[in-house]
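Quick note: the sequence shown uses the working numbering, first residue 61, plus one each step. Right, one structure below, let's go through it.
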Amino acid sequence: MGWIRTWGSCISFCVLIAGCSLLHEVRPLKSTGAYGDFELSGRVAVQVDGEGSSARIKWSHRGDVDAVDVYTPVGSIIAVILVSPRTGAVLETKDQVYEADSVEALTQRVLGWRLPLDGLKYWARGKVNPLAAIDEMASRDAQQRLTYLEQDGWKITFESYTIDPIRPRVIRLEFQDIKIRFVLDKWERLSL
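Structure, rendered in structure tokens:
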């Protein structure tokens, strides 16, 4: 169970990384896929209750469906998280399958803390989640990029960005005793 909790932390971090995008104001979306489909891969380092671990992730977001593959640093698959309105949230390891109505409920039960996948869809793009209130937001940098945000109890620090296109490269997330650092290695926008 300790193994699942440690790697679960990595899984959760990976999912966190997929949503960082800046909006000038909070407003409702016109459709579920308004933020666009994407695939990304990167590296995560997670610390929960003083215990740390690292992993590689690949996240695919298409419409209402999210699939996050979590790998060891050397490339062996650890777990897969699948989230869709039809099936709810499923976390599968080589030995076990866990299910819940939402990814937040699933990760709380399996990992001991909730994973804000809905916010990550925006934060990984350097944007604010328009469906959640902003608790605090720092001034943007000289290039009008988001530098710091507090939303849904998470503290999100955008440590660096890529230049062309402008997207977050390194993001740090903190929620109570959870600390996650994500390095985004590859991003691909998929056609709608």
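The beta carbon of each residue, even a glycine, is placed where N, CA and C say it ideally should be.
Are residue i and residue j close, meaning C-beta to C-beta below 8 Å?
i	j	result
Val150	Leu142	yes
Ser144	Val125	yes
Pro176	Asp201	no
Val230	Glu248	no
Val140	Ile240	no
Ala115	Ile138	yes
Gly179	Ala192	yes
Val104	Phe235	no
Under the three-state reduction of DSSP, which class applies to residue i: helix, strand or coil?
i	result
Gln168	helix
Val163	helix
Glu196	strand
Asp97	strand
Leu180	helix
Asp155	coil
Gln107	strand
Asp245	strand
Thr126	Rather than Thr, the amino acid found at residue 126 in this sequence is Asp. Strand, per DSSP.
Leu175	coil
Leu191	coil
Report the option in the options whose CA atom is closest to the CA atom of residue i.
i	options	result
Leu209	Leu233, Val163 and Pro225	Leu233
Ala127	Phe98, Ala193, Glu111 and Arg227	Phe98
Lys215	Tyr158, Asp155, Ile226 and Val188	Val188
Ala165	Gly148, Glu111, Thr222 and Gly123	Gly148
Ile223	Gln236, Ser199 and Leu244	Leu244
Lys246	Ala184, Asp237, Arg146 and Asp109	Ala184
Gln168	Val108, Val104, Arg103 and Arg122	Val108
Arg146	Val163, Glu196 and Thr153	Val163
Can you name, in chain order, every residue of its own chain whose Cβ lies under 8 Å from the Cβ of residue i, other than the five neighbours on each side?
i	result
Lys118	Glu99, Leu100, Ser101, Val128, Asp129 and Tyr131
Ile226	Gly186, Gln203 and Arg205
Which residues does DSSP list as the beta-bridge partners of residue i?
i	result
Thr217	Tyr208 and Arg232
Ala149	Val143 and Ala160
Ile137	Tyr131
Ala115	Val104
Ile240	Val106 and Leu233
Following a CB-centred definition, is residue i positioned closer than 7 Å to any heavy atom of the ligand ZN?
i	result
Val150	This structure simply doesn't include the ligand ZN, nor any ligand for that matter.
Quick one: what's got a C-beta closer than 6 Å to residue i's C-beta in the same chain, skipping five residues either side?
i	result
Thr217	Tyr208 and Arg232
Ser120	Glu99 and Ala127
Glu196	Glu210
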